[in-house]
Amino acid sequence: MRNAWVIAQREIASYFAAPMFWILAGGFMAFSGFLFWLYINQPTPPQADMLPLLQVYGTILLFITPLLAMRLLAEEQRAGRLEVLMTAPINDWQLVFGKWLAAFVMFTVLIVLTLFHVGIMHRLAEKGVAPGPTFAAYVGLILLGAALLAIGVLTSSMTESQVVAGFLGIMVIMVLFFLSIVKQMPFGESGLGAAVAYLGLSDHYYKFGQGVVDTRDIVYFLSLTFGSLFLATRMLETRRWR
C-alpha cells in the first residue's frame, strides 16, 4: 500500500496544479452555495432539515466525479507515461488504487467544505440540525463519491482521451442511476426486473439521503467501487500483453 500512497501523493499535487480541479471545485461550491441560499430563504423556511439539500448535492456529483477522474489514466496513456509506470516496481492494482485514492481525497475535500452549510443551518435553526440523519446523508455522499470515482477510473483506463473518458463515465453513471425505474415497468416485479432495479444507484443513495443507513446499501457501493477498480486493473493488464 506504500506504493499506492506514493502515487496518490503525486496525483494530489497534480490536482492542485491543474486548472480543471479549481474550475470544478469553484463551480461546485458556487452552485451548492447558491442552492443553500435559496433553501434557507424559502417563503416557508425548512425546519433545520439538510437532507433534501444533501440529496441535491449528490445529484450534482454525478456529473463532477467523472470529470475529476477522467485524466487519471487517460492522460498517462496519451503522454506515454503508462508504459514507464508499468516498468516501475509497482503492480497494476497499486497504480489504479493510488490514482483513485488521490481523486477520493480531493472529492472528500469538496464534501467537507459543505459542512459550512450545515454549521450555518445549525445556528439558524431553533433546535439545531439533527446529527443522526445528517451523518447518514454524509456517509451516503462519501460512498456515492467513492463508487462514481471508481467508475471514472475505469472509463479512464479505456481510452487515451480525457474527454472520451469523462463522457463515458457520465454515460455509465446515468445508466446506473436510472436503472431503478425498471421496477416501475410492467416486468418490474419479476425476478429479472428486481435484479436489474437493484443495480440502480438512485434508490441506494436516496435511502442515505433520508437518514437511513442500511448495510445492504453500504455493500452495494463498496462492491461497485472495488468492482470498478478491479476491472480497471484488468484493463491495464491487457495493455501489458499488447
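Residue numbering for the sequence shown follows our numbering, starting at 3 and increasing by one per position.
Yeah, the Cβ is synthetic: ideal placement off N, Cα and C, and Gly gets one too.
How big is the Cα-Cα spacing for residue i and residue j?
i: Gly202; j: Phe179; result: 5 Å
i: Asp94; j: Thr67; result: 22 Å
i: Pro245; j: Pro21; result: The displayed coordinates of the chain run from 3 to 244. Any statement about residue 245 would go beyond what the structure contains.
i: Met237; j: Ala76; result: 12 Å
i: Gly171; j: Gly154; result: 5 Å
i: Met160; j: Gly35; result: 35 Å
i: His124; j: Phe169; result: 38 Å
i: Met3; j: Thr116; result: 30 Å
i: Leu56; j: Gly147; result: 13 Å
i: Ala81; j: Leu233; result: 22 Å
i: Gln266; j: Met72; result: Limits of the chain in this structure are 3 at one end and 244 at the other, which puts residue 266 out of reach.
i: Arg83; j: Leu74; result: 11 Å
i: Ile9; j: Tyr17; result: 12 Å
i: Ala247; j: Tyr207; result: In the structure as shown, the chain starts at 3 and stops at 244, and residue 247 therefore has no counterpart that could be examined.
i: Ser204; j: Leu126; result: 30 Å
i: Thr235; j: Asp219; result: 24 Å
i: Gln79; j: Leu181; result: 32 Å
i: Tyr41; j: Ile122; result: 12 Å
i: Ser163; j: Asn43; result: 43 Å
i: Leu231; j: Ser225; result: 10 Å
i: Met69; j: Thr240; result: The question names Met, yet the displayed sequence has Leu at residue 69. Their Cα atoms are separated by approximately 24 Å.
Flag this pair as yes or no: are the beta carbons of residue i and residue j separated by less than 9 Å?
i: Leu145; j: Tyr59; result: no
i: Ala139; j: Leu53; result: yes
i: Val174; j: Leu156; result: yes
i: Val120; j: Val107; result: no
i: Phe223; j: Ala149; result: yes
i: Phe33; j: Leu63; result: no
i: Ile183; j: Ala167; result: no
i: Pro135; j: Gly213; result: yes
With 16 as the cutoff for other CB atoms within 10 Å, does residue i come out buried or exposed?
i: Ala6; result: buried
i: Trp39; result: exposed
i: Ala105; result: buried
i: Phe99; result: buried
Flag residue i as yes when its Cβ comes closer than 8 Å to any non-hydrogen atom of the ligand ATP, and as no otherwise.
i: Ile183; result: No copy of the ligand ATP occurs in the structure displayed, which carries no ligand at all.
#### Entry: Stretch-stretch touch, CB-based, cutoff 8 Å, three pairs: the stretch 106-121 with the stretch 9-28
yes
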